[in-house]
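Below is one structure, written out as structure tokens; comments come after it.
And the structure:
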């Protein structure tokens, strides 16, 4: 039977200290992705919620289920906006990132550049440029 490596499992788990982050406000004038349509049936909707919640401690599921369901209904996807870092995201000089691996730090620069309000097509929805380029699936 396949066993999940403990280090991988730990890396895929969000650890929150204190309460959930506040639901964000969205900066005016920043393009938002169009509603992708909520076409999931009940079983698919439950699976989408389960998949999004698998990274979050169970104690927060009660608060997040209605929120994620609303994102599905109004945006057609679960973006988990609450977990987006506050403010503008932009790439910094590579030496300003912590870490020991230059390639890893360069990768973070690339991600941050692609989520910059002035670069990304729909930065809140993680869409870079063109309708098909998403940096990540959601903010988790």
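In the numbering used here, the protein residues as written are 12 to 151. For every residue, glycine included, the Cβ atom is placed at its ideal position computed from N, Cα and C.
Residue i vs residue j beta-carbon contact at 8 Å
i           : j           : result
residue 92  : residue 30  : no
residue 151 : residue 137 : no
residue 47  : residue 86  : yes
residue 32  : residue 94  : yes
residue 84  : residue 128 : no
Beta-carbon contacts of residue i that lie in its chain and below 7 Å, excluding the five residues immediately before and after
i           : result
residue 118 : none
residue 60  : 76, 79, 80
Sequence-distant residues of the same chain with beta carbon closer than 8 Å to residue i, five excluded per side
i          : result
residue 82 : 88, 89, 90, 91, 92
Nearest neighbour of residue i, chosen from the options [CA to CA]
i           : options     : result
residue 108 : 122, 95, 97 : 122
Distance between residue j and residue i (C-alpha atoms, nearest Å)
i           : j           : result
residue 54  : residue 45  : 24 Å
residue 139 : residue 145 : 6 Å
residue 50  : residue 64  : 20 Å
Nonlocal neighbours in the same chain, by C-beta distance under 6 Å from residue i, ignoring five residues either side
i           : result
residue 120 : 102, 105
Exercise for the section: Please specify which runs of the beta strand (DSSP E), each continuous and at least 3 residues long, are wholly inside the segment 46 to 113, giving them in chain order. Expected result: none
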